[in-house]
Amino acid sequence: MKNHKRNRLAWATLAAAVAVGSLVAQDVDPVTQKTQLLSEALAAREKGDLQVALEKFEQIQKISSDDEAAKEGIASVKAALAAAEKAKADAEAAKLKASQPAPAAPAKPATLLDEVASSHENLYREVAQAIAVAKQIAEQGDYAAALKVLDGANGALPNNTAAQNWRDEITLAKQDIISRRESGDQGADQLARAEVVRLAKINAAAIDAASALISEAESSVRKGELDEATALLDKASANLPRNIATKPVSDRIKSVKSSIISRRAFLAMDSREMNKADAFVREFERLNGADDASSRRLRAEFAAKKSDPAYRSVDEISPGLRAKDDKVQELLVKGRARYLYGDYAGALDAYREILQYQPNNAESKAFQVRIRQVLSENSGQWNRNVTKGKLLELLDESWKLPEVYNREVGPVGGTATSDPVLDKLRSITVPEINIRDLPFDRAIAQLTIVSQSYDKENKGVNMFVIDPDRKNPSVNMTLRNVTLEKAIDLITKQVNFTYTINAGIIEIRPDSGSNDLETEFFPLSSAAETKMTGIGTGAPSAATGGASSPFGGATAGAGATDVNPRNEGIKNFLTRSGVSFEVTGAVLNYDGTTLIVTQNRKNLERIRNILRRYSDIKQVHIESKFIEVSESSLNELTTNLRLSRTVNGIQTIRAQTNLRSVNDVFGSATVSNPGTIAVAGGSATIPDGNGGFVTVTQPGSTIPIANNPPNFPSGNFGGREPNFGGTTGWSGAQGSYNGLIGTIGSYDLSIFLKAVEQNSGTDLMSAPSLTVLDGKTAIIKIAQLLRYPQSYGDTQSNVGSQGGNQNGGGSAGVTITAGTPQDFTVQEVGVTLEVTPTVGSDDSIALNLKPKVTEFEGFVEYGGTSVAISGSTTVTIPSGFFQPIFTTREVSTDVTVFDGATVVIGGLTREEVKTVSDKVPVLGDIPLIGAAFRSSGKSTTKKNLTVFVTANLVSPGGATLRSSYPGMRAGSTFQNPVVLSPGGAVYREPVEATPTNSSPRDGAPAAPAPAAGQ
């Protein structure tokens, strides 16, 4: 019975071996699963992995508790485990038995290595004998004794590579003996033994291959090729079966791997990569166990080096520092190169960027100081000279008068920008429309087809009917030669519908009157708002006293009151333009940038069309040029004769011609007589101090009070003094005189000759310019400010009490206070120009010009003389109330010019001729001699002031809006080349204009393009 069971188990083993190659890893029926588990159990038992085999047999028993193969397999595996335990107990005795010395003692080895080699050879010989003895014992049926002999031989083998082959032989012998012991039938036993032998050979081949790979890996470790060695070990481990026979090979792989990991950990620590080193230490601990002595030593070494700063990497301690250092080095090289090639702005950028990474970089700061010194010493002076040269060149060019550069006639009139769909409706004319009893939607569809048929572009318009109540009334209409706009207007009115244009589509819906209100937001520029309301940007947006609501506080249509003047201005403008705000609930509010309107659709469309016209920001650059040329000349020949004598220092004039010069007539300032303080003479008796009296006589005196007008520049008419005859004497001044030419009796004959020919001129050119919004007023003033009083206070006089001596003499004191100037005002003396441009729809510019020229002519004195008398003192005070005289030349005109045209304002000219012709009758007519008795002079003054005003439409960037010129494209932006940032001066980079297919002609409109620096 026992042999029968063994035979059945052997045949089951063969069946399982055949079935292993054909089974697929998937969910199968219990029979197939039992067969697969049985095959795996037998294979594990054959490999010597008895514990795995026991688990597989137990799983079979769980599937089928009555399975005989599972029961016998469990029994056999447990018996083998028990035998193994017993073999361990008897291992020492078998080892002693197998290592008994031979009768003949071998020769003594020459060296220690020879002794070891000789002992190993003897041991291997004894192992071979033990294997043979075990096989013989097994042939006799004593399988336990045979296995005990093999276990003893296996325990006696040394732990080295050379002993591995003998271990394999012992394993094959043990498997053969175990197979014999478990086989009952001789035929089945042979088949099972052959299978076991085959599996043992495969196991031995895998061990040999793994050993070769391990040896190669050890060689790679000695060469330092750790990655290659690790790959070889992984390959050896993957191909090596897991059983008792392969455990020494697995231990060897583990040992080599441990050495590799340990070496890598030390290399990582030496390269200061502590994170990698920690990972290798952890891997070593997983491989050998954290409690292993080698693991503890490696962990201690890692902890010691990790606490040493010399072994810590900068990338770990300060992440990103190395990248910053590399970036700084790159920027330093870039900065030095740019400095070397003269790109100082680029070098400054590089050195400034360095300070973002290293704020204390000394080289960066030193180079910045050096570059700024170079720029200050060289570029700074040159910048001043270049700018000065440009300004002087501009001054010279400003003397040029306007000329004709564009002889093409500009457009006259223009059309306001409107919706393109509305323009198309107005441009399409339909010869005939005949609709009879058609539903409204079909009638509109027919109009859509008609619009495409009569459109020059063959596109037509899109019309869409929105009829939520599905009224769809019938339409009857016959029209001839009408525009499509008129046709849509009539057909919608006929059925009480309305239409609006929204995003290029004509939306047609029932007319709901004021009930269908919508709110829309319209962007509105400040320029358009100013043009619509006339309120400047500096005006307050709302009255004080509280914030207004978002819609101006209006709640009920036209009855609402908006306290915001801008809202009222825009609302009034739209009302005058045809938008009614009498609709209940219709309101608007302007917040400074956006116009918020609640209205019905039709009025919203009207507002949109109106605002489209005002959407463009138009501003005008006013270039004014004031050129004033003045020229004055003086030709004069004046001769005066005087007959006088001097006795005891007193000059007595007997006769003189007294002919006037030009200056005597026109150049002197005339004022009232100067004031005086006159004191009458008299006598008085006073004590002499000796008990008597003495009479004292005091002569009268007169003290002058000056009355000179303010000293302002006046016309030069040659002065008052003669050219010949000295500088004193003629005007009454005291002093010697050398004009004596002879004597007549006891009288001296003197001549005073004034011969003058003077020419002077002034050329003045001012060219101020400014930019002003469309519809706003620009004021240009080139003037001096003259401050003067408009009124004077009353003259005050005060006479003190009279006193005297014992004889009744003496007089009272007199105090007179002149009128005090009051109400001072300022008068601008010079040129003032007011310009108000208005840009038309065709870009023509209407200019309202008001030039004004004010000149100062001098002063005039008002009021009379004030007199105060007190006793013997008389005080005469002139009024001294001086007021300036101004001459004003003013012109006001309105003109319309094209963009870039110049207006000339002339007529502000003045020519003044002053002549003097005096002579002594009869004597002055004598030839030759008569010249001594004549005086003639002529003063001519000419002034011509011409004002040139040029108006150019400019973009917000400062360039012309429509025209392109060399160096400036239309719409370009002018910017300062240097931007002052918190970090210092930043230079703009030029941006080239986008090339176009054709350049616009001078003065022709062109598409805006960015300019340099834009």
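Be aware that the sequence shown starts at 2, since it is given in the working numbering, and climbs by one per residue. Quick reminder that beta carbons are idealized off the backbone N, C-alpha and C, glycines included.
CB contact flag (Ser-880, Tyr-863, <9 Å): yes
Could you tell me which uninterrupted alpha helix (DSSP H) segments, each at least 4 residues in length, are contained entirely in the segment 840 to 903, listed from first to last along the chain? none
Taking 7 Å as the limit between beta carbons, can you name the residues of its chain near Met-270, skipping five residues before and five after? Ala-278, Phe-303, Lys-306, Tyr-312
For Asn-945, which beta-bridge partners are listed by DSSP? Val-630, Thr-910
Looking only at C-alpha atoms, which of Glu-378, Glu-183, Glu-170 sits nearest to Ala-246? Glu-170
I'd like the span of the alpha helix (DSSP H) that includes Gly-336, first residue to last. 322 to 341
Spell out a yes or no on whether the segment 474 to 487 and the segment 426 to 433 are touching, meaning 3 or more CB-CB pairs, one atom from each, closer than 8 Å. yes
What three-state label does DSSP hand Ala-561 in the structure shown? Only weak support exists for where Ala-561 lies, its pLDDT of 44 falling under 50; the coordinates are left without a value.
Nearest-angstrom Cα distance between Gln-374 and Lys-391? 25 Å
Short of 6 Å in beta carbon distance, which residues of its chain neighbour Thr-888, apart from the five on each side in sequence? Order them along the chain. Glu-856, Glu-858
Residue range of the unbroken beta strand (DSSP E) whose run includes Ala-656: 651 to 657
Straight-line Cα distance separating Ser-578 from Lys-943: 53 Å
Quick check on DSSP: helix, strand or coil for Leu-158? coil
Lys-572, buried or exposed, once every other Cβ within 10 Å from all chains shown has been counted against 16: buried
Have a look at the DSSP bridge pairing and note the partners of Glu-835. Ile-780, Lys-851
Residue range of the alpha helix (DSSP H) that includes Gln-52: 51 to 64
Inter-residue CB distance, Glu-624 and Thr-951 (contact presumed, cutoff 8 Å): 4 Å
Between the Cα of Lys-335 and those of Glu-364, Gly-321, Pro-310, Ser-308, spot the shortest distance and give me the residue it belongs to. Glu-364
Three or more C-beta pairs below 8 Å linking the segment 830 to 846 and the segment 766 to 778: yes
What residue range does the alpha helix (DSSP H) around Met-275 cover? 275 to 289
Kindly confirm or deny that the segment 603 to 613 and the segment 925 to 936 touch, where touching means at least three C-beta pairs closer than 8 Å. no
Do Glu-829 and Leu-787 have their beta-carbon atoms positioned less than 9 Å apart in this structure? yes
Using a Cβ-Cβ cut-off of 6 Å (strictly less than) and excluding sequence neighbours within five positions of Ala-201, which residues of its own chain qualify? Leu-173, Gln-176
Does DSSP classify Thr-449 as helix, strand or coil? helix
Under 9 Å between C-beta atoms of Val-462 and Leu-426: yes
Measuring CB atoms only, is the segment 236 to 250 touching the segment 41 to 57, in the sense that at least three cross pairs come out at less than 8 Å? yes
Three-way DSSP call (helix, strand, coil) for Pro-249 in this model: helix
Taking the beta strand (DSSP E) that Phe-498 belongs to, which residues open and close that run? 498 to 503
Leaving out the 5 sequence neighbours to the left and right, which residues in its chain are closer than 6 Å to Tyr-615 when beta-carbon positions are compared? Ala-529
Measure the alpha-carbon distance for Ser-220 versus Ala-206 and round it to whole angstroms. 21 Å
Across which residues does DSSP place Tyr-793 in a beta bridge pair? Pro-822
Given Ile-75, which residues of its chain have a CB within under 6 Å of its CB, disregarding the five upstream and five downstream residues? Phe-58
Roughly how many whole angstroms lie between the Cα atoms of Val-868 and Ala-784? 41 Å
Taking 6 Å as the limit between beta carbons, can you name the residues of its chain near Ile-628, skipping five residues before and five after? Met-766, Thr-947
Answer yes or no: do Leu-332 and Gln-620 have a C-beta to C-beta separation smaller than 9 Å? no
Could you tell me which of Asn-945, Asn-276, Ala-367, Ile-927 sits nearest to Glu-913, measuring between CA atoms? Asn-945
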